[in-house]
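Numbered by our numbering, the letters in the sequence shown go through residues 2 to 276 in order. Don't be surprised by glycine CBs; every beta carbon is placed ideally from N, CA and C. Report on the following structure.
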Amino acid sequence: MTLFPTTLVLAAALLHATWNAMIKGAGDRAVMLGMISLGHVIPGLALAAFVDIPPAAAWPYIVTSTVVHWGYYAFLYQAYRFGDLSFVYPIARGAAPILVALGALIWADEHLPMLGWIAIATVSAGILLLAAVRHADPRGLGAALVTSALIAFYSVVDGIGIRVSGDPVGYISWLFMSEIFVTLGIAAACWSRVRSSSARTVALGLAGGALSGLAYALVLYAKTLAPLGVVSALREVSVVFAALFGVMWFRERPVGRRIVAAGVVAFGIILLSLA
Numbered sequence: 002m003t004l005f006p007t008t009l010v011l012a013a014a015l016l017h018a019t020w021n022a023m024i025k026g027a028g029d030r031a032v033m034l035g036m037i038s039l040g041h042v043i044p045g046l047a048l049a050a051f052v053d054i055p056p057a058a059a060w061p062y063i064v065t066s067t068v069v070h071w072g073y074y075a076f077l078y079q080a081y082r083f084g085d086l087s088f089v090y091p092i093a094r095g096a097a098p099i100l101v102a103l104g105a106l107i108w109a110d111e112h113l114p115m116l117g118w119i120a121i122a123t124v125s126a127g128i129l130l131l132a133a134v135r136h137a138d139p140r141g142l143g144a145a146l147v148t149s150a151l152i153a154f155y156s157v158v159d160g161i162g163i164r165v166s167g168d169p170v171g172y173i174s175w176l177f178m179s180e181i182f183v184t185l186g187i188a189a190a191c192w193s194r195v196r197s198s199s200a201r202t203v204a205l206g207l208a209g210g211a212l213s214g215l216a217y218a219l220v221l222y223a224k225t226l227a228p229l230g231v232v233s234a235l236r237e238v239s240v241v242f243a244a245l246f247g248v249m250w251f252r253e254r255p256v257g258r259r260i261v262a263a264g265v266v267a268f269g270i271i272l273l274s275l276a
């Protein structure tokens, strides 16, 4: 892979870890998540002006993905409420590809080569190393694992939905716009907190949504320039970025175990992507 797509993917990984760090550091994470989802709606509206409405066959996938994202935001909120960034992020990101691979084995009869099973064992070892961190709240671990399962779920749904739609950009734009229901739901649940939020919180949330959308777009563009497996593998360097943010930005401890565990998870995901 050449320097340009490599730079794009690394930038996407850094942006993804950054908006997760913004959630962890927010004074009101629920409001921040609402603003982030609204930050997806805005570019979705902009893109929708230039693409066709997805065909009827794609709408069940858009609706399903939107509903799953409700759960994703809810459990991500709980995960960062009870767990550190360097603890939650590697688990949530690391367990998802394992679940997808195992689901493909069970329901699609897609068998992994030996390297794939080595990768799954590696990721599992990294997650276990993180789970054994002293004073880790089991509620954070549980919420991170559920978040991971929901990531795997919507990844599969969107992967099929994009193919059914025949227009990836059109599908993504309407998927982003559908997150307005997430924003409205959060606003309805905690309207008093939304009204009292500072302009800084709103601005940071919208910026986080923009960073999230940009990260996704960069990865999609990189996949047109380089092999899919290599792009997907390099994207998981975000796990290491998140661990570094956690120990440097939030002073999460112990440093050594968290960095090593995140590195093990990232390495395992890279192996799984290449397998």
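The segment 132-139 and the segment 84-97 touch, with no fewer than 3 CB-CB distances between them shorter than 8 Å. By the C-beta density criterion, Trp-192 is exposed, having fewer than 16 other C-beta atoms within 10 angstroms.
When C-beta atoms of the segment 17-36 are compared with those of the segment 188-202, three or more pairs fall below 8 Å, so the two segments count as touching. The criterion of a C-beta distance shorter than 8 Å is not satisfied by Val-101 and Ser-174. In terms of CA proximity to Ala-243, Gly-95 leads the group Gly-95, Gly-40, Gln-79.
In the structure shown, Leu-130 adopts helical secondary structure according to DSSP, grouped into three states. Ala-58 and Gly-171 have their C-alpha atoms spaced approximately 13 Å apart. Listed in chain order, the alpha helix (DSSP H) runs fully inside the segment 100-182 are 115-132, 139-166, 169-178, counting runs of at least 4 residues. Below 8 Å, too few C-beta pairs join the segment 154-168 and the segment 120-136 to call them touching: fewer than three. Spatial neighbours of His-17 in its own chain (CB-CB distance under 6 Å, excluding positions within 5 residues in sequence) are listed in chain order as Ala-216, Ser-239.
The alpha-carbon separation between Ala-263 and Asn-21 amounts to approximately 15 Å. Per DSSP, reduced to three states, the secondary structure at Phe-5 is helical. Distance check between Ala-211 and each of Thr-3, Thr-19, Leu-11 places Thr-19 closest, using alpha-carbon atoms only. For the pair Ala-31 and Tyr-90, the CB atoms are not nearer than the 8 Å cut-off. The Cβ atoms of Gly-40 and Ser-213 sit closer than 8 Å to each other. About 7 Å separates the beta carbons of Trp-71 and Gly-186, which is inside the 8 Å limit, making them a contact pair.
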